[in-house]
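So the structure is just underneath, and the comments pick up after that.
Chains as they are written, first to last, in the numbering used here: chain A, 1 to 468; chain B, 1001 to 1468.
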């Protein structure tokens, strides 16, 4: 039976509507957006389940295009400065500890809690950039995709759509010895390709799950292997995600090894395509941005993590002027609130330029509309899913904002996009649907109590280990 | 009858406690923090009302040391770039429109909604920097404190503690003609002093209300008047709040008029004392920061507004090293979430320095503890109220965070301050007490429906006016 969702306001199919309805077909796709008059005219509703979302605004679901779920484990516990100073690389030591800690069972529990937090913040699809492959000693599991499958199980259990971006990670870096903290990440080139293809076959077992390839970075994956992985992704039509230019040091190492920056290298070797998403891409030069634009690649910006790690400020204005598709990701899970990422994308530019409206009216696009598009449709594109606009035929992935949330009070048709981006937050999220099914209803998830309890057990075990 | 609040975790009286109780006396002040054993031993509880806050962490109430409530009216509606570019000064035109629009009745309604939003985000005291004095034509009301009194009424109605910082505003600027958009702000020097003293006398009518003086800025208040107002504040022991160095242009105008920067001028003329709070203070030189430190003055930083207005980044690390007391304010109400302000104070420095832990271990203070202290005790100091630490004798102003909030899951004694600052948000706030009275209970306020309805009417009238 098809469903008819009836919110007060709706951003769908290219416009903002009041009193309209979103009809969803049996496959969980958008069938049509009905205006108020058409709804009133449909007196026979025996063939449709009506879901009233009074006092709420319905928006396309937020896309989290870059996530490492297990990093949730040390949130808020790695903000201090260690003796002798703190940098990105000391944060990484804490990350290694969490990576070493998880078992298939505990990773499942952590992933469920993190995915539930995502859903509760309006996220309907996650690109999980997954680089935990081996057991704690660095040996492959009996099924080398054991941990990836646990993450996909967790996503299905929570009801979030997932693109499992299976990472390839082969070395610590150019002329660097293997690092003990990375022993769960390493695979040979051959295994990496074979395991990724096997995982793609297995994905069909899960609801709303796909697979992409994620050669970690040019630091961790040499060029030849990177090219082979890109060819595999091309063959299967899979998204290709690569970390690039998060830290200046990475660019310098690439120059030393190949005599070119990562982007120059990727461009020269055909690694930049419309299926490519570059994660971070903070320290790009003008010509590099041109190459990204010409290729139609996406950049996934993770402002909340980037401010947390002190990575620097992504030039979102340059990207917008070049028509580069920009998506957002929660990355390290320092916080999970894509609307906050969206506004930071603008705000960080304002802090530097001491000027407002940095992303407004570029190509004639209003700033709120642009940033919401990044947070939705661009993220869906990055993950290889046609969605994010709630057009007929697209998956009915959406979330609602409570119009009585004190931060949004007074939101109307004209201000919906701008107020959602500049004042909205997870505090106002009430309902979330993936493929037309409500996985969050009035801020509640069917399994929330169990998910919380299991996460807390894992968290405690992680802390106990640290205390020893 | 005294009250005993029993949260799961509590940050009070200089420590983090599990299973402890906060006993509040009949005057609404903290009587004592009881440990779990002492609570169990108290078998006779007929003299105390027990309030269980299971599954929650209790923290000292957040202080919002700088607020212009009426600016809530155009939230999310002034983010675009006007034809010909957008700057701080075009944002100000929108602010003038809102300032011109409000009546005593509608200002009351807007202030109530904004104060409720503050309470719902854990704020227990607000410093309302109030500069709307005259009627829409620029004439004083029959009672020249009419609008200030409406704001104080609104605070009492919502239950938030208020320090009404009555602004003096005498001119558009050095060698500038009066500006029509400012006609509601202007008063002569004599009226300004007389009206402030009258308001202080009237404050006794309200619960939890005090008055401070707020010469708007050296741009709007010439030096002689500034000195007189400071003397009046000194005579009555009132806080003195002044905008300073939000924009570089202001410094330049001051140099042109007086041959000194605002801070040099204030220091020379005795305007910097422990009762002085400098709002913004972004573009100070090293020697100016030294002068602020030596005087024991407070700086009120408003990072969310400052990122919104493109003001620039406050050097919080320099201030911390000099031992300057730093408070936070929501200012323009772009968002109301002091915990977000607290983390931005650190994060904006990280973005520039590309380094983590910028405010950690300065003077041996852990970063989360430092930022929470800014958000609480420093704000109370700025507003002339002894509070913010929940020490015996201080007002029992506090809020609770829900430990089952997905963003805070796993919070414990060791991580409370750091997780609250780096992952907490208004989404997790459940209860708020001012002087021991719960004004928010389990996220609900007794008058919330009425407050929302009246705000929405005012918002609509404001939009209708714009459309005409």
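Positions of the beta carbon are idealized from the N, C-alpha and C atoms, including for glycine.
Close-in-space but distant-in-sequence residues of the same chain around residue i (CB under 6 Å, 5 per side omitted)
i, result
"residue 215 (chain A)", "168, 221, 226, 229 and 242"
"residue 1106 (chain B)", "1458"
"residue 1058 (chain B)", "1007, 1010, 1398 and 1400"
"residue 192 (chain A)", "168"
"residue 1181 (chain B)", "1096"
"residue 1461 (chain B)", "none"
"residue 1174 (chain B)", "1253 and 1257"
"residue 142 (chain A)", "none"
"residue 1019 (chain B)", "1036"
"residue 1320 (chain B)", "1359 and 1362"
"residue 1332 (chain B)", "1071 and 1305"
"residue 1021 (chain B)", "1004, 1006, 1034 and 1039"
Own chain, CB closer than 7 Å to residue i, minus 5 neighbours either side, in chain order
i, result
"residue 32 (chain A)", "23 and 392"
"residue 1079 (chain B)", "none"
"residue 1255 (chain B)", "1261"
"residue 1416 (chain B)", "1009, 1011, 1016 and 1057"
Residue i - containing alpha helix (DSSP H), residue span
i, result
"residue 39 (chain A)", "36-41"
"residue 434 (chain A)", "No alpha helix (DSSP H) holds residue 434 (chain A); the beta strand (DSSP E) holding it covers 429-434."
"residue 1048 (chain B)", "No alpha helix (DSSP H) contains residue 1048 (chain B), which is instead part of the beta strand (DSSP E) from 1048-1060."
"residue 385 (chain A)", "Residue 385 (chain A) -> no alpha helix (DSSP H), and no H or E assigned at all."
"residue 1275 (chain B)", "Element bounds for residue 1275 (chain B): n/a, residue is neither H nor E."
"residue 295 (chain A)", "286-295"
"residue 1265 (chain B)", "1262-1268"
"residue 328 (chain A)", "Per DSSP, residue 328 (chain A) belongs to no alpha helix (DSSP H); it is in the beta strand (DSSP E), 325-328."
"residue 305 (chain A)", "303-309"
"residue 321 (chain A)", "316-321"
"residue 351 (chain A)", "338-353"
Under 7 Å between C-beta atoms of residue i and residue j
i, j, result
"residue 60 (chain A)", "residue 398 (chain A)", "yes"
"residue 1002 (chain B)", "residue 1025 (chain B)", "yes"
"residue 1385 (chain B)", "residue 1159 (chain B)", "no"
"residue 358 (chain A)", "residue 340 (chain A)", "no"
"residue 1208 (chain B)", "residue 1435 (chain B)", "yes"
"residue 1104 (chain B)", "residue 1071 (chain B)", "no"
"residue 1323 (chain B)", "residue 1301 (chain B)", "no"
"residue 237 (chain A)", "residue 165 (chain A)", "no"
"residue 283 (chain A)", "residue 245 (chain A)", "yes"
"residue 371 (chain A)", "residue 127 (chain A)", "no"
"residue 344 (chain A)", "residue 315 (chain A)", "no"
"residue 1380 (chain B)", "residue 1388 (chain B)", "yes"
"residue 1081 (chain B)", "residue 247 (chain A)", "no"
"residue 1184 (chain B)", "residue 1134 (chain B)", "yes"
"residue 289 (chain A)", "residue 326 (chain A)", "no"
"residue 66 (chain A)", "residue 279 (chain A)", "yes"
"residue 1132 (chain B)", "residue 1116 (chain B)", "no"
"residue 1062 (chain B)", "residue 1123 (chain B)", "yes"
"residue 28 (chain A)", "residue 441 (chain A)", "no"
"residue 423 (chain A)", "residue 407 (chain A)", "yes"
"residue 53 (chain A)", "residue 101 (chain A)", "no"
Residue span of the beta strand (DSSP E) that contains residue i, given as start and end
i, result
"residue 1400 (chain B)", "1398-1402"
"residue 1017 (chain B)", "1015-1018"
"residue 11 (chain A)", "2-12"
"residue 1364 (chain B)", "That residue, residue 1364 (chain B), is in no beta strand (DSSP E); it is neither H nor E in DSSP."
"residue 1437 (chain B)", "1437-1440"
"residue 1409 (chain B)", "Neither: residue 1409 (chain B) is in no beta strand (DSSP E) and is coded neither H nor E."
Cβ shell of residue i (< 8 Å), same chain only, five flanking positions each side left out
i, result
"residue 1083 (chain B)", "With a pLDDT of only 49 at residue 1083 (chain B), under 50, the local geometry of the prediction cannot be trusted, and no value is derived from it."
"residue 455 (chain A)", "109, 110, 112 and 113"
Interface flag, residue i vs chain E, CB-CB below 7 Å
i, result
"residue 70 (chain A)", "The structure shown contains no chain E; the protein chains it does contain are A and B."
The segment 244-253 of chain A touching the segment 200-208 of chain A, judged by at least three CB pairs closer than 8 Å: These segments do not touch.
Does the contact criterion of 3 or more C-beta pairs under 8 Å hold for the segment 1261-1275 of chain B versus the segment 1303-1315 of chain B? With the cut-off at 8 Å, the segment 1261-1275 of chain B and the segment 1303-1315 of chain B do not touch.
For the segment 198-256 of chain A, list the alpha helix (DSSP H) runs that are entirely contained and at least 4 residues long, ordered along the chain. With a minimum length of 4 residues, the unbroken runs of alpha helix (DSSP H) contained wholly in the segment 198-256 of chain A fall at 223-236.
Would you call the segment 1370-1389 of chain B in contact with the segment 446-466 of chain A, where contact means no fewer than 3 C-beta pairs closer than 8 Å? Below 8 Å, too few C-beta pairs join the segment 1370-1389 of chain B and the segment 446-466 of chain A to call them touching: fewer than three.
Within the segment 1092-1176 of chain B, ranges of the beta strand (DSSP E) (whole runs, at least 3 residues): You should have 1123-1130 and 1161-1168.
Could you check whether the segment 1401-1409 of chain B touches the segment 1417-1436 of chain B, counting it as contact only if at least three pairs of C-beta atoms, one from each stretch, sit closer than 8 Å? The segment 1417-1436 of chain B and the segment 1401-1409 of chain B touch, with three or more beta-carbon pairs separated by less than 8 Å.
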